[in-house]
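I have placed the structure first, in the form of structure tokens, so that the comments after it can refer back to it.
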Amino acid sequence: MSNTQAHSHKALIWKVFGILTVITLVEVVLGIYKPKSLYLSKVLGTSLLNWIFLILTLVKAYYIAWFFMHLHDEKKWFRRAIVWTLLLYILYLTFYILTEGGAIGETFAGAYKALTQFH
Amino acid sequence: MEVTIPNKTTGTTWNGGGDRPFNSSYGKMMMWFFLISDALTFAGFLGAYGFMRFRFLKVWPIADEVFTHVPFTHQSMPMIYVAFMTFVLIFSSVTMVFAVDAGKHMKQNKVALYMLLTILGGMVFLGSQAWEWKHFIQGDKGAVILNSDDVVQFVNKEGEQVALTSFAAANHSDRIQHTKTNGIWNKTEPTLPKVNLEQVIEGFKANPDITIRTQQINQATKTKVILSRAEAEKVLQKAKQVVYGANLKVNEYGLTLFGDFFFFITGFHGFHVFSGILINIIILFNVLVGTYEKRGHYEMIEKSGLYWHFVDLVWIFVFTFFYLF
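Chains as they are written, first to last, in my numbering: chain A, 4 to 122; chain B, 3 to 327.
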């Protein structure tokens, strides 16, 4: 191959592995202890704890895609073609589908209650 | 401006004509396109899961009460086992990048070693997933389904869930399970449930300390609603059946949909891991017989590596949405 890198990526790979491990450990500890102030809060439709999990997950996804899947080494517009496409469609999909799910849940809340009348 | 369409063929390899748009080879680019479509498929599945979860927000099972098993112990320890699985998959991703790295330096033996480690990591992950499925299917403490299809569990005074067998008599006085050597000759049947409904109701009446926990979640405390003893007695009159574990029709832990999505999404992901292992085994053989040495480059490792990392990437999201949220 023409663009063979002379240097090895080993140090970088270990560093990325360390970051992924630390983030996972933080997630697990938060998931076990569930601090009440974060777990019982509600910000933009879900708890603050869930937002923290989501952001940490996206950070992990970034490290895997950029350094394990070598998006870092790809041409800028090839990278953008992949990442922007996915971000656009997935954000669009989840925004509408979750809003709709919540709305249907509210609409049927009364009907469901009738099913579970215990008295 | 130069056109980036294939306009010449070499006739030797299937390489899209030898042009390299974005300085990327044909095979690698096609792998990326496949991964984009696969990512959208998973996004669709996880989106459907999110939709149903918001739709049934007030009765959705709490994952920490479902996935509590850890091998070699009977204590309830949520998160630990799945954290181990995540760690295994991330580590197998690391060995995969090492294989790609060794391939760039044309080190055949090292590539083979790292591929082997990656395959082993994948197998450990799949085995762990099978173990988790087994416990989810077998169930734990047992529950009762009402005529309204609500699932109710039993709790003690402290509000801790108790097993059905801890208060209901567990003897099969009415019938013995058929096995090949016992009962009807040469005929077997599935294991009989540990207790039946009558025994549960009798045991409930005999133990005044026990009451019922419903599927409903108190939104202020995010815990399941516990009924008073008087209410619980009324509820139990509408009981339909005893349930252990989860399948596509019933679920000890609450909504059947939870089990459906769990089986479907982790199953689909597990299938990806399985095919990733197969692809990696084929490529390991190619490495060992020297295919890529003859070809002059190890780009194939990069392509299968992309797939393998993608499987890891998807698991990161499955882990978040199924176990953390």
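All C-beta atoms in this analysis are idealised placements derived from N, C-alpha and C, irrespective of residue type, glycine included.
So that I know if they touch, is there some Cβ in chain A lying closer than 9 Å to that of residue i?
i	result
Pro63(B)	no
Tyr325(B)	yes
Leu122(B)	no
Arg55(B)	yes
Leu308(B)	yes
His274(B)	no
Val102(B)	yes
Met117(B)	no
Phe312(B)	yes
Phe145(B)	As written in the sequence, residue 145(B) is Ala, which differs from the Phe given in the question. False, the Cβ-Cβ gap to chain A never drops below 9 Å.
Ala241(B)	no
Ala50(B)	yes
Asp21(B)	no
Phe260(B)	no
Thr322(B)	yes
Under three-state DSSP, which class holds residue i?
i	result
Leu41(A)	helix
Lys242(B)	strand
Thr225(B)	strand
Asn249(B)	coil
Phe156(B)	strand
Ala145(B)	strand
Asn53(A)	helix
Ser5(A)	In this prediction, Ser5(A) scores a pLDDT of 39, lower than 50, which makes its location untrustworthy; no coordinate-derived value is stated.
Arg297(B)	helix
Is residue i close to chain B, meaning its C-beta is less than 9 Å from at least one C-beta of that chain?
i	result
His73(A)	yes
Ser40(A)	no
Leu51(A)	no
Residue i versus chain A: which residues are under 9 Å apart at the beta carbon?
i	result
Ile303(B)	In chain order: nothing, as chain A lies at least about 12 Å away.
Ala45(B)	Leu89, Tyr92, Ile93, Leu96, Thr97
Phe264(B)	The contacting residues do not exist; Phe264(B) stays about 17 Å from chain A at best.
Look at the Cβ atom of residue i, then the Cβ atom of residue j, and state whether they are nearer than 9 Å.
i	j	result
Leu74(A)	Ile85(A)	yes
Arg55(B)	Gly104(A)	yes
Gly144(B)	Val197(B)	yes
Met87(B)	Phe127(B)	yes
Trp310(B)	Gly124(B)	yes
Phe324(B)	Ala65(B)	yes
Leu259(B)	Phe58(B)	yes
Gly272(B)	Gln110(B)	no
Asn257(B)	Val146(B)	Position check: residue 257(B) holds Leu in this sequence, whereas Asn was assumed. The answer is no: Cβ separation not under 9 Å.
Val202(B)	Thr216(B)	no
Asn253(B)	Pro80(B)	no
Val102(B)	Tyr300(B)	yes
Cβ closer than 8 Å: which chain A residues qualify as neighbours of residue i?
i	result
Ile59(B)	It is Leu, not Ile, that sits at residue 59(B) in the sequence shown. Correct list: Gly105, Gly108.
Ile318(B)	Thr60, Lys63, Ala64, Ile67
Which bits of chain A does residue i rub up against, with CB to CB less than 7 Å?
i	result
Leu315(B)	Ala64, Ile67, Ala68
Ala41(B)	Leu89
Residue i versus chain B: which residues are under 7 Å apart at the beta carbon?
i	result
Ile85(A)	Trp34, Ile38
Val31(A)	Met81, Ala85
Gly21(A)	Here the premise fails: no neighbours, minimum Cβ distance about 10 Å.
How would you list, in chain order, the residues of chain B whose beta-carbon sits under 9 Å from the beta-carbon of residue i?
i	result
Trp80(A)	Phe24
Leu47(A)	By Cβ distance, chain B contributes nothing, its closest Cβ being about 13 Å from Leu47(A), past 9 Å.
Ser11(A)	Asp103, Ala104, Lys106, His107
Notebook entry, point to check: What residues in the stretch 81 to 98 of chain B bring their beta carbon closer than 7 Å to a beta carbon of chain A?
Noted result: Within the stretch 81 to 98 of chain B, the qualifying residues are Met81, Ala85, Thr88, Phe89, Ile92, Ser95, Val96.
Checklist line | Within 8 Å of chain A by C-beta, residues of the stretch 198 to 231 of chain B in sequence order | finding: Thr216, Gln217, Gln218, Ala222, Thr223, Lys224, Leu229
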